[in-house]
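Visitor:
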């Protein structure tokens with residue numbers, strides 16, 4: 024389970040396979056059509072790590088997201 028926290032405080036939880044990639048999380052977030060997000064990156068709070076375009080092909084198991092993690096949406100300027 025991956026919990027995604029949005030800047031407005033809203034949370035969404037979604038299941039992914041450990042073989043899925045970070046790209047799939049971005050696709051999921053984009054499919055929600057949340058207003059006002061714009062450009063963003065995914066952030067793990069502790070230890071702080073950002074997951075941007077360079078990590079899109081990393082699978083969730085290798086990223087340490089399995090079995091669960093909370094990610095934050097960090098808006099980019």
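Numbering (the working numbering), first residue to last: 24 to 100. Ideal placement from N, C-alpha and C gives every residue a C-beta, glycine not left out.
Look up residue 60 in the DSSP assignment and say whether it is helix, strand or coil.
Guide: Within the chain shown, numbered from 1, the residue matching residue 60 stands at position 37. If DSSP states are grouped into helix, strand and coil, residue 60 belongs with coil.
Visitor: With 16 as the cutoff for other CB atoms within 10 Å, does residue 83 come out buried or exposed?
Guide: As a working mapping, residue 83 is identified with position 60 in the chain shown. Buried, because 16 or more other Cβ atoms sit within 10 Å of the Cβ of residue 83.
Visitor: Counting C-beta neighbours from all protein chains within 10 Å, is the total for residue 74 16 or more, i.e. buried, or is it exposed?
Guide: As a working mapping, residue 74 is identified with position 51 in the chain shown. Looking at its Cβ environment, which holds 16 or more other Cβ atoms inside 10 Å, residue 74 is buried.
Visitor: Which ranges does the alpha helix (DSSP H) cover as unbroken runs of at least 4 residues, wholly within the stretch 39-93, from first to last along the chain?
Guide: Counting only runs of 4 or more, we get 45-54.
Visitor: If you follow the beta strand (DSSP E) that residue 37 is in, where does it begin and where does it stop?
Guide: In the chain shown, the residue the question calls residue 37 occupies position 14. From DSSP, the beta strand (DSSP E) with residue 37 extends over 34-37.
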